[in-house]
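Beneath this line is the structure, given in structure tokens, with notes to follow.
Chains as they are written, first to last, in our numbering: chain A, 118 to 354; chain B, 88 to 319.
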């Protein structure tokens, strides 16, 4: 088994799994459909092409820096006619960093990694107005999904690591696809069957939530309290 | 004068009550004296301080004109069958203090100043909030209280303003309700801060007075007690 690792960092990201009409929400972490779309776009697949090979990869994501949810109240007007569009509410994660991983066949993952280094369509973080702030691919490595998420260094920004410097080790939340036959903690309708514009289809995906401990490079124990014993100065009773 | 030390068992609910509430600790210290607290006019008064050396090593120090009985504190917040409190006669130690001696000190205090925000407004007592101003408050009081904080050698200064052998730590803002003697409810807000450093005695008389009468405000609530320890 091999694992392809991706980092998703940017001023804004938005990962919708259940949005309808004018309220466009975001999940707390990247969705499988969002990242499969990103990989397919990097390879230059068109909307109607098959996704079976990508959807079959096992997916996991770790929240290295959870970010802050922001709400945009959008009052757009048509560029030519000036006509008002429906007022829409859009939600984003600001200043978030995630580590995402796909587990599967090594040859396919190598192809995807190459495609990300030289993408046909540019990648974005869930919505086209959300460009990535760092290079997305982190490489392909041997081993399982859990090991990759456990073993990778903390990707949070230095200011965020500094903020948690009282914790030499930090706990990060991670959402991982359950294996066949296992019970899911949580289900999300974000397993893409087709991105064809006339009829997008998604299936349910079972996830489990775990916590991963990583070292904090900025971590420092609190300064020691100086010793002070006034009784010692008084001598014996 | 007597110097007393009692260790608190932080696993017990009674100790937690003392740790979070300066009012509860004040009450317990007050009840250690059968005759009640001496009148403040007498000069020397009862002072106390909590030293949180680590999560489970917490001491309460008390300086008092009378010998305290802390049985009730041991019963509520100590180790009643194995450990009690230590009380030592403080007077011989105070008598030994001489100008020129160097000591390590620890002081928990409530540094405040009086300010008005605009002309004509009455002044209001306000806490110093930053370590720099809190240290400034202590430096202003050193001459009148008979000590001088040791200057740091040039090569060990790490930043501008890091001129003295002292650290400012454990800053806490407390806020709690109390009932005044006339029955009206009141709110107490105070900021306590702990100074650890080294000093040289310049006027033993003034220093003795300060060690037994306290420094600054909020003396009932665990502020104002300075203790000395040998410099290692």
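Heads up, the beta-carbon is just placed ideally off N, CA and C, and yes, glycines get one too. Note that the coordinates shown come from a computational prediction; the quantities given were computed from them, not determined experimentally.
Taking all protein chains in view, the Cβ of residue 326/A is surrounded by fewer than 16 other Cβ atoms within 10 Å, so the residue is classified as exposed.
Boundaries of the alpha helix (DSSP H) harbouring residue 219/B: 218–228, taken from the DSSP string. Contacts between residue 180/B and chain A, judged by CB atoms closer than 7 Å, involve 350, 351 in chain order. DSSP links residue 330/A through a beta bridge to 288/A.
Inter-residue distance for residue 208/A and residue 275/A is about 25 Å (C-alpha atoms, whole angstroms).
Straight-line spacing of the CA atoms in residue 195/B and residue 166/B works out to 25 Å.
At a cut-off of 4 residues, the continuous stretches assigned as alpha helix (DSSP H) that sit fully inside the segment 148–210 of chain B are 158–164, 178–183. The CB of residue 191/B comes closer than 7 Å to the CB of 345 in chain A, given here in chain order. Taking a contact to require three or more Cβ pairs closer than 8 Å, the segment 264–271 of chain B and the segment 206–218 of chain B do not qualify as touching. Within chain A, no residue has its CB atom less than 8 Å from the CB of residue 225/B, the nearest being about 16 Å off. Taking the Cβ atoms as the reference, residue 226/A lies roughly 16 Å from residue 178/A, outside the contact range of under 8 Å.
In the three-state reduction of the DSSP assignment, residue 274/B falls in the strand class, which pools E and B. Within the DSSP bridge table, the entry for residue 335/A names no partner. The segment 93–113 of chain B makes no contact with the segment 325–341 of chain A: fewer than 3 CB pairs, one atom from each, lie closer than 8 Å. When the Cα atoms are used, residue 248/B and residue 341/A turn out to be separated by approximately 22 Å.
Between the C-alpha atoms of residue 294/A and residue 93/B there is a straight-line separation of about 55 Å. A straight line joining the alpha-carbon of residue 294/B with that of residue 184/B spans about 9 Å. When the alpha-carbon of residue 153/B is set against those of 205/B, 126/B, 192/B, 120/B, the nearest one is in 120/B. Within the model, the alpha-carbon separation for residue 204/A versus residue 189/A is close to 10 Å. Under the Cβ criterion (8 Å, minimum of three pairs), the segment 137–157 of chain A counts as touching the segment 307–325 of chain A.
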